[in-house]
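Quick mapping for you: the protein sequence lines, in order, are chains C and P. Read in order, the letters of the first sequence correspond to residues 3 to 111 in this note's numbering. Read in order, the letters of the second sequence correspond to residues 11 to 131 in this note's numbering. These notes concern the structure reproduced below.
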Amino acid sequence: QSALTQPPSASGSPGQSVTISCTGTRKDVGGYNYVSWYQQYPGKAPKLIIYEVNKRPSGVPDRFSGSKSGNTASLTVSGLHDEDEADYYCSSYAGNNNLFGGGTKLTVL
Amino acid sequence: QVQLQESGPGLVKPSESLSLTCHVSGSSLNSIYYWGWIRQPPGEGLEWIGNVYRDGSRYYNPSLKSRVTISIDTSQNYFSLNLRSVTAADTAIYYCARVGRGYAIMDFDYWGQGRLVTVSS
């Protein structure tokens, strides 16, 4: 199975909102409500920020939100902060497989 | 606080086997959780390798299944990765992590810091 498709880059100014998409198929994103998102800073391990499409682990700010429509999931960062500049990866359960997206580099202008 | 730490050689020769160990503290491997390995080639995206449970149940990425074995030692609270017949394409940062909420295949809620393994002669 192919990796999920994400845009390589996204950007926004502080205070703005940015949405990152993650496109799969009916065999992964579209077939299950098991999409997650990770934030990764350079040289660091990924950190889980969204699971099961739209749930936030304890301690993750509520300006991070997730959604899904059909075969495409989305991560929205509202009210951008400088510290949101990082790489973001989506992931989806795919029936005995776990697929990741190629990652999106979010730049805060 | 759950902590994971990868250990093992940082350099492996082509055609040989890559072996890494993940020591876990703050959570027993005898609990309800699955434990997994993920890798990331330098400057690239993430790739799931596989997960293991306390009873030895395993799930592997189909693309790596023929070369991978993940094992677990609940008495010593660690689990291991063995990847056979490596090539330069296996050069990556290898992460160990805990699978969330007791699922066999799902998101990872706790991660190790990662171990860079380079395949080169």
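Note that beta-carbon positions come from the ideal geometry of N, C-alpha and C, so glycine has one too.
Using DSSP bridges, identify the partner residues of residue i.
i	result
Ile103 (chain P)	P:Gln50, P:Leu126
Leu74 (chain P)	BP columns for Leu74 (chain P) are empty, so no partner.
Ala12 (chain C)	C:Leu108
Leu30 (chain P)	P:Leu91
Gly103 (chain C)	C:Leu6
According to DSSP, simplified to helix, strand and coil, what is residue i?
i	result
Asp65 (chain P)	coil
Gly33 (chain C)	coil
Ala98 (chain P)	helix
Glu85 (chain C)	helix
Gly110 (chain P)	helix
Asp43 (chain P)	Note that residue 43 (chain P) corresponds to Tyr in the displayed sequence, not to Asp. In this structure, Tyr43 (chain P) counts as coil in the three-state DSSP scheme.
Ser81 (chain P)	strand
Looking at the C-beta of residue i, does it have a partner C-beta in chain C at a distance below 8 Å?
i	result
Phe118 (chain P)	yes
Gly112 (chain P)	no
Pro24 (chain P)	no
Gly55 (chain P)	yes
Trp47 (chain P)	no
Ile115 (chain P)	yes
Pro72 (chain P)	yes
Tyr69 (chain P)	yes
Does residue i have its Cβ less than 8 Å from a Cβ in chain A?
i	result
Gln123 (chain P)	Given the protein chain composition of this structure (C and P), no chain A is represented.
Does any C-beta atom of chain P lie closer than 8 Å to the C-beta of residue i?
i	result
Ala12 (chain C)	no
Pro48 (chain C)	yes
Ser93 (chain C)	yes
Asn35 (chain C)	no
Ser76 (chain C)	no
Asn56 (chain C)	no
Ala5 (chain C)	yes
Is residue i buried or exposed, if buried means 16 or more other CB atoms sit within 10 Å of its CB?
i	result
Gly26 (chain C)	buried
Leu199 (chain P)	Since the displayed chain P opens at 11 and closes at 131, residue 199 (chain P) lies outside it and no answer follows.
Ala75 (chain C)	buried
Pro44 (chain C)	exposed
| field | Those runs of the beta strand (DSSP E) which lie wholly inside the segment 14-76 of chain C and span at least 3 residues | value | 20-25, 37-42, 49-52, 66-71
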